[in-house]
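Single-structure report; data block below.
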Amino acid sequence: MTTADAVSVIVGLGNPGPRYEGNRHNIGFLVADELAARIGGKFKSHKSGADTVEGRLSGARSVLVKPRSFMNLSGGPVAGAVKFFKTPPESLIVIHDELDLPFGTVRIKKGGGENGHNGLRSISKSLGTRDYLRVRFGVGRPPGRMDPADYVLKDFSTVERKELAYFIDLCADATEALVTKGLEAAQNEFH
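Numbering that gives the first Met the number 0 applies: residue 0 is where the sequence shown begins, and numbers increase by one.
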C-alpha cells in the first residue's frame with residue numbers, strides 16, 4: 000500500500016448509550032463526533048462492531064470509529080476495523096481520556112503503557128501491541144478519595160462544560176495534525 004492509499008483509522012473511545020454521553024470517559028466519542036462534522040459524514044453501523052464514518056481530513060483518507068461495545072471491550076471492534084480497513088496498528092490513532100493530565104490538556108504519543116485505562120488495555124491485548132498512536136485528553140484526577148473509575152463515569156462539571164467545546168475542538172485539531180503532519184510535527188505544534 001502506498002502512502003497515498005493509506006487510510007488512518009481514528010478511534011474515539013467511550014461507552015455507548017445516552018446514560019454515558021456526558022461522561023469524562025466519553026471524550027473520545029465527543030472528539031470523534033467533531034471530526035465527523037468536519038468530514039461532513041454521519042456514523043453508520045459497521046460489521047466490525049463499531050460505528051464508522053469514512054472521508055477525508057485535510058485531504059487525508061480517514062475512517063472514524065466509535066466501538067459499540069463498552070469501554071473495557073473496545074479491543075474487538077477496534078481490531079476488526081483495523082483489519083477491515085487494512086491499517087497497520089502503527090497507523091491507528093486512539094483518542095481517550097487521561098487522568099494524569101489536567102483538564103483540557105491534549106498530548107500525543109506513540110505506544111507506552113495503558114495507565115490503568117481498560118479501553119487501552121483491551122485494544123493492546125486485541126492488537127497484540129501497544130505501538131499505536133494516542134491522543135490523550137486530560138480530565139484531571141478525581142477529588143479527594145473518589146475512586147477513579149467512578150470519576151470518569153461522571154459528567155463533566157459545570158465549570159468544565161463551559162470550556163469543553165473549545166477543548167474538543169483543540170483535540171480534534173491535534174488529531175487532524177497527527178494524520179496530516181505526522182507524530183513529531185503534531186507534538187511540536189500541540190505540546
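Note that the Cβ used here is the ideal one computed from N, Cα and C, for glycine as well.
### Message
I want to know whether the segment 62 to 75 touches the segment 168 to 187 - three or more CB-CB distances under 8 Å.
### Response
Not touching, per the Cβ criterion.
### Task
Along the beta strand (DSSP E) that carries GLU162, what are the first and last residues, could you check?
In the sequence shown, the residue the question calls residue 162 occupies position 163. Where GLU162 is concerned, there is no enclosing beta strand (DSSP E), although the alpha helix (DSSP H) it sits in stretches over 157 to 180.
### Contact with chain D by LEU163, beta-carbon distance below 7 Å
In summary, chain D is missing from the structure at hand, where a single protein chain is found.
#### Entry: Whole-angstrom distance between VAL77 and HIS95, CA atom to CA atom
What you label residue 95 is simply residue 96 of the sequence shown in a count that begins at 1. What you label residue 77 is simply residue 78 of the sequence shown in a count that begins at 1. Each residue's CA atom was taken as its position, placing HIS95 and VAL77 some 13 Å apart.
### Message
Is the separation between the beta-carbon of ALA173 and that of VAL134 shorter than 7 Å?
### Response
Here the question's residue 173 lines up with position 174 in the sequence shown. Here the question's residue 134 lines up with position 135 in the sequence shown. Yes, these two residues count as a Cβ contact at 7 Å.
### Message
Please classify MET145 as buried or exposed, where buried requires at least 16 neighbouring CB atoms within 10 angstroms.
### Response
As a first step, residue 145 is located in the sequence shown; it is residue number 146 there, counting from the start. Taking every protein chain shown into account, the CB of MET145 has fewer than 16 other CB atoms within 10 angstroms, so this residue is exposed.
### Query
Hey, would you say THR159 sits closer than 7 Å to PHE84, going by beta carbons?
Mapped onto the sequence shown, residue 159 falls at position 160. Mapped onto the sequence shown, residue 84 falls at position 85. Note that residue 159 is Glu in the sequence shown, not Thr. No, the pair does not count as a contact, with Cβ atoms beyond the cut-off.
### Query
In the DSSP assignment, what are the bridge partners of HIS95?
Mapped onto the sequence shown, residue 95 falls at position 96. Bridge partners of HIS95: ARG135.
### When SER44, SER121 and GLU53 are compared against VAL6, the one with the closest alpha-carbon
By 1-based counting over the sequence shown, the position of residue 6 is 7. It is GLU53.
### Message
DSSP has GLY56 in a bridge; who is on the other side?
### Response
Against the sequence shown, residue 56 aligns to sequence position 57. As written in the sequence, residue 56 is Leu, which differs from the Gly given in the question. In DSSP, LEU56 forms a bridge with ALA59.
### Task
Taking GLU89 and TYR131 to be in contact with their CB atoms under 8 Å, please state how far apart those CB atoms are, rounded to whole angstroms.
Here residue 89 is taken as the residue at index 90 of the sequence shown, counted from 1. Here residue 131 is taken as the residue at index 132 of the sequence shown, counted from 1. Contact between GLU89 and TYR131 holds, since their C-beta atoms are separated by about 6 Å, short of 8 Å.
### Cβ shell of LEU126 (< 8 Å), same chain only, five flanking positions each side left out
The sequence position of residue 126 within the sequence shown is 127, counting from 1. Answer for LEU126: GLY74, VAL77, ALA78, VAL81, PRO88 and LEU91, listed in chain order.
### Message
Let's test the definition: count the other Cβ atoms within 10 Å of the Cβ of ASN195 and tell me whether it reaches 16, buried, or not, exposed.
### Response
Outside the modelled stretch of the chain, which goes from 0 to 190, sits residue 195, for which no answer is possible.
### Query
For ASN71, does the count of other Cβ atoms within 10 angstroms reach 16, so buried, or fall short, so exposed?
Here the question's residue 71 lines up with position 72 in the sequence shown. So ASN71 counts as exposed.
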